[in-house]
Structures are given as structure tokens and as C-alpha cells.
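In this note's numbering, the protein residues as written are 1463 to 2261. Note that the Cβ used here is the ideal one computed from N, Cα and C, for glycine as well. Bear in mind the structure is a predicted one, so any value in this text is a computation, not a measurement. Each remark here refers to the structure printed beneath this line.
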């Protein structure tokens, strides 16, 4: 029997056809006609191995030995025993120390099956009363989805690959991480679209690019500012959009650094009406609640003195003038020095943005996993704003989703509890303002009680010890807890430290609801109910079932629809006028078409008010007073990566730049025990250039130590002649063995660890988001003599 569904092992959510015979999953194939069903990656095809793995967790277990013991002394317990103990202990800690003393962790729904349960787990956390959810969003989608909103009022949107003439993949490798995007990009390239990839290495999407830019890790902001300079100097920007829909023409009081308002200039003026300069030197009020009148033609470049209604004169300049001055030094030659790129490639890149092209782009972790991530996104967002391509055909469009009832709004958590989120004081514009905390802040609270003690953790599917930097500290934090519960499909180094481990089932063993498939407007309109196709393995349960059951036991049944997830799903679906049972009868999903138009920001209402953008000024904010209010630069600027600046002061001992990358064959730190996947990538890898390999006497296949100021990792070398010899690229997520192929595992930290995060720290971080330097730190490498005994590099004479 072939059952339609969708894969949830990564962000692509590929439509699937699942072959079930005699209660077993035999194969998973692409689902033709599904908006994400054009292809399926090796991970999806390995589903039968995953489901049938003998390593599956099948029963609840309780620790009987101390956390510091190598042997946890696991004993099997019933679900009733496990849930009763968890509810009692979490409830007791909440009563004694406050709900904030219980932290939660949830793995990324972008790269794991957690998408089936994420909303319900988050609802549980908020109804429980905790503002502390470790979500790792600061090193995942924060910058494209939230930092981008500092400029545009919302995330980057969906690239319209089908109509784009130019496609820029900036720190994003969809061939490895988002197959549904990769197939559409390949189609676009076949019809003639130019594809640009900005990445330190070409593997994956870069191999098919018209232009690959081998950028120095962390220097993306400089490249963006150089392109902005080119657009301004050549007047290649979209002048109409920049004047009408950004705050570029608004005047800034250079003494106060604030945008000039009607209130500042004219008696009885309003504080929410801005001021622009005209060609004759006069001033005009500018009410951004309406579209700019066609008769108003403000200057983009102006410096002048403005007389306030009290008689005081203020030096002022337009936002655009200040931007032009700020980026004036980013010549092609300077950008080449900062980025380690060839000047001719920079010129080719700059030219692609001129003349308001149909330009779509996507950026992700390659930009976001840096200490300068917010300012880098500001620079990229401003560059994109100058093209005028946003929400136009062939650009990045903001899709219109079907109306549904949300079940995980942050408003479920009382404001008094929201104010207690760890890290909120330091990162008021960052993840803690949504109740998402960083690993660093959790560890400070668990180990040192800063600013208060976290006594318990309940984690869903995370591998906190391996997947976050400073692995040894992360382990200490777990061992400092009074109580730790972990929910997962497989045992991992984080679960090994728990007091109770609960078995989660696989996507094929549970029902799930997916509202929208992101990649296009049509895909966003698809709602699909995925049926349970297999009996659960052992006693494994869905993560959402665990959340619902705990909610009932902790007095939250009313907030969880009487404990019935189907009632909850129907609540979500109510605005669509459809039920789960009706969706069940349409296994490939039902579409709910939505009214859609391009340039939604310009759609005037009956009262002539234009929506504009959801920013304080209702315009794209090249100049951000919100950032200024929080001590950050109002204009986009380039900030060197904290641990790997162009002028490396650690040059003698650590002369190389270390960046990391996810393997396309696995899901973060999971599934390396699956033989079909491990054959594709048998050993923990590190890539170096030919010149560096020769200098260090390293050959492909040699084991090398990657040494950093924070530690070391033992990895196997691959020589990549395309790489800059100053850059080392290490794979992250390695710890697991694969007995079927005779591949050993490694400890999560220590001298024999292959976990690169054991060699990274988070002492420096992005001041807005808290992102840490996973992609730009310093290192050195050396052949590991013991592991390479009997091997040699280079040539030897046997005569």
C-alpha cells in the first residue's frame, strides 16, 4: 500500500509516497504533484532504516546511578510511573522556586521531526509558566526571520525562484539543507536565471552556480556594503521604491541622532509625521500612514541646517546621505581585502544588483552563526531594499497563509513571567523577548545561579552537549540540575545525563497536521493531514502526546482541549471551515486559496491609508531608531567577527580561520549509525586547501587535530583545491559510532573527541541576537601522529 504523506526530517518537508507492506515501511518516494514532492534526499530514503533501527528507544527509563557515573543504571518504568514522577517533580520545583526555575529545550523543527509537535510543546512550556525555552534559534533562523524585521518589519519571505532573473544564495546551501528549494533553483537556472552562491566552499549549490564567491568567513557584511556603495555611485538603485517606501529621504537631526518630525519643526506639529527636504531647500511634512503623494519629490541626498519652531537651528542630513557617507570607503579594493575575494568577482557581483532586476535571495546559518550576524543581516537587507525587488514578481514575496487559530502565542505566558526570561536584560531585541533563551544563559543559571538558579530541564529531542559550543560546560550544566527529563527517538550524550528518558516515536508512527509548505504561495495554501502509517515501535509516543498527557496531570487539561489533540487540531483549523476528518479523506492535502497581490505594502485601503511596513516608521528602515535606542548603530555597518578579524592578533599560534558546516548526509548530530548514510560520509571530516595541506604535510585521509584557544577536535582531512589556504572547514555533529561499518564513535569532548563544538566557545556573541562564533574562529592544525601511525604523506624513495 502506498500512503501519501510528507517527510519531516528537515525544513524541506518533501511530499512523499510511503510504501507500507505487512505493517513495515519498505520505501519512501517523492510524491508527484505535491509542491515539495519533486525529489527526495538520501535521509528521506533511509527512513526504513531509521524506523527499524535497533537503537530506537522503546520504553521509559529511569536513572538509578549518579549522573557522574559512566553507567547510568537505567531501569525500565511504565509510562504511568514516568509521567507521574515528572509531573510531581516539575510541579514541586515550580511551587518552591517559581516556574522560571524549570527550563525547557526543544530541537529545531527546521531539521528534525519536531515540526509535528513544536506548537504543542511550546504551548505546554507557556501554560506551565516558564519563560525559558532553549531553542537555538539565535544560531538558526533568527536573523532571516527576526533580525530582518528590524529593516523590513518581517522576515525575508519566500524567494520567487520561478520568475527571478538573479538568485543569490548567501550563506545558504539548499542542495544540502532544503531540497525543495534546490530543485526550483535548478529549474530556474535551466531557463536562464543567474545563480550566485556566497560561501567559503563551493560544494553543493556552489557547484552549479554561475558565480561562486569564496568569501572569508564572517566578512559578508563588507561585501554587502560594497554593493550598496556601487548602487549609490552608479545610481543603479530602484529610486522610486527607495524614495517612497524606505526612510531614506527622511531627515536626521545630527545632534540627537533622531529622525526629524513635524513636531520638531513646526508649531503644533505631530511626533509621528516625518520631515523630508525638497530640491529648493524647503521642507515638507511626510505622513507615512499614506503612500507618498505623487507630487512630493523629496531629495535623497541632502545636508542642511533646519530651524526648529523655537528658533534653534539643527544640522540635519537625509538617511540616504548618511548611508552614502558611511559606506563610501567600501571600494572594490577594500572589499577584496576584507573578504579575500578577487576584485573582478566583486565587480561582477555588484553589477547584478543594478537596474532593479528580478532578484530573489535566501540567507541562513552561514550568515546567522556569527558574532556580527545582526549587522550583517542589516547590510544585506539594506542592499536588497535598494533594489526595490521585495514583494515583486521574481523577488522575495511575502506569502499569504490560510487563516488559522494559533495555539502557541507568547501571550499565553503572563507578562510578569516574560520579564524573567534568561538573557532578556542583555538581549532585549533578541530571542529572549519571545521566551527563547541561549545555551550560554541556561548554563550560567544552572551552574552559577546567574541571575537565578535553574533547577530542572525537560528537553525534547535536543543534543545540547554536542550541538552547542563549549560542550564541556554544557555537560557541567546538565550535571548541576536537580532533575532532568529527556524525550528522544535515540539515546545521545544529552539523554545520557537525564534522570528520566522517554521514547519518542517516528513520524510514520503518528498522525500530524501541516498547515502550509512555505516555498511558494500555492504551497502555503496547502493543508495536509498525515495519517499514522505504522504501529509505534515498542511503547514510543508522539512528543505532542507527552505534552498533552503531562498537561492533564498538572491541572492544564482545559488549556489542552481536554487532553485531545484532535480537538486541538480542529481548533486550529476552525477559521478554514474544515476538520481533521475531512482532511483525512484527502490524503494529499487540500488547498485553501488566499487573496494575493504583489507589493502588498502599497495596497491602499478605502480610507487611503497604505499598509506600508510593520516598522515604527511604516517604511523600510535603513535607519533604525529602535537599534539606536538599544545602543546599536542605526545604520548598517560592518563589524569584524569577534574571534577571527581580518587582522588576527592570535596569528602566531592560531593563524587559520576555522568555520564549520553541517553534513548533508545527516540531520545535525543524529543518524550517523545508519549504514546507508554513513557509507556516504564514513568519518568526521575537515576540509583544507591544497597549499595548506602541503605546508602541514597532510594528505587526504590523514587524521588531524584542529586546535583552537578553547580546545581541540580530531577529524579526518579532505583536500579541497577550491578552498582558501587560510580557511579550515570542519563538520559538526560527530560523536556516534556505526558498528555495521566498523566505525567507532568519540566522546563529546576531550582529546579524542571529533565534536568540533568541543573546540568552540561563546565568550563573544552578537550583541542583539546572542549568536555565537560557530562560523568564524581561529585555529591551527597538525597531523595526529598516533592515529596516523604507519601512514605518511608526500613521496618517499624505496630504492
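CA-CA distance, residue 1480 to residue 1502, rounds to 12 Å.
Between residue 1555 and residue 1564, the CB-CB gap stays under 7 Å. For residue 2117, the CB contacts under 8 Å within the same chain, skipping 5 residues up- and downstream, are 2110, 2188, 2240, 2242 in chain order.
The segment 2001-2008 makes contact with the segment 1951-1968, as at least three CB pairs between them are under 8 Å. Ranked by Cα distance from residue 1872, the options 1594, 1837, 2047 are led by 1594. Shown here, residue 1776 sits in a strand according to DSSP, grouped into three states. If you draw a straight line from the Cα of residue 1659 to the Cα of residue 1628, it comes to about 11 Å. Take the alpha-carbon of residue 2248 and the one of residue 2191: they are about 22 Å apart. Boundaries of the beta strand (DSSP E) around residue 2179: 2173-2181. Taken atom to atom, the span from the alpha-carbon of residue 1988 to that of residue 2037 is near 15 Å. Within 10 angstroms of the beta-carbon of residue 2114 lie fewer than 16 other beta-carbons, which makes it exposed. Residues of the same chain with a CB within less than 8 Å of the CB of residue 1798, apart from the 5 flanking positions on each side, are 1804, 1805, 1808 in chain order.
Runs of alpha helix (DSSP H) with 4 or more residues, each lying fully within the segment 2034-2099, are found at 2042-2046, 2087-2091, listed in chain order.
Secondary structure note for residue 1707: its alpha helix (DSSP H) is the uninterrupted segment 1701-1707.
In the three-state DSSP reduction, residue 2130 falls in the coil class, being neither helix nor strand. In the DSSP annotation of this structure, the continuous segment of the alpha helix (DSSP H) that includes residue 1941 starts and ends at 1933-1941. Beta-bridge pairing by DSSP links residue 1491 to 1479. In the assembly as shown, residue 1527 is an exposed residue. Its beta-carbon has fewer than 16 other beta-carbons within 10 Å.
Exclusion of the five residues before and after residue 1955 leaves 1925, 1927, 1928, 2197, 2210 as the residues of its chain whose Cβ lies within less than 7 Å of its Cβ.
Distances from the alpha-carbon of residue 1711 to those of 1486, 2201, 1559, 1781 put 1781 closest. A contact is defined here as three or more CB-CB pairs under 8 Å, and the segment 1868-1882 meets this definition with respect to the segment 1580-1600.
In the DSSP assignment, residue 1621 is bridged to 1858. Per the Cβ contact rule, the segment 1516-1523 is not in contact with the segment 1477-1496 (fewer than 3 Cβ pairs under 8 Å).
Straight through space, the alpha carbons of residue 1551 and residue 2232 are spaced by roughly 31 Å.
Taking the CA atoms as reference points, residue 1945 sits about 52 Å from residue 1626. In this structure, the CA atom of residue 1830 is about 6 Å from the CA atom of residue 1605. In the DSSP assignment, residue 1966 forms a beta bridge with 2003.
Pairwise C-beta distances place the segment 2100-2110 out of contact with the segment 1894-1914, as fewer than three of them are shorter than 8 Å.
When the Cα atoms are used, residue 1984 and residue 1494 turn out to be separated by approximately 15 Å.
Where residue 1807 is concerned, the enclosing alpha helix (DSSP H) starts and stops at 1805-1813.
Assignment of residue 1905 by DSSP, reduced to helix, strand and coil, places it in the helix class. Under the 10 Å beta carbon count, residue 1837 is surrounded by 16 or more other beta carbons and is classified as buried. Per DSSP, residue 1769 is not a residue of any alpha helix (DSSP H); the beta strand (DSSP E) it occupies stretches across 1765-1769. Under the criterion of beta carbons closer than 8 Å, residue 1746 and residue 1762 do not qualify as touching, at roughly 14 Å. When C-beta atoms of the segment 2165-2175 are compared with those of the segment 2218-2225, three or more pairs fall below 8 Å, so the two segments count as touching. In the three-state reduction of the DSSP assignment, residue 2158 falls in the coil class, being assigned neither a helical nor a strand state.
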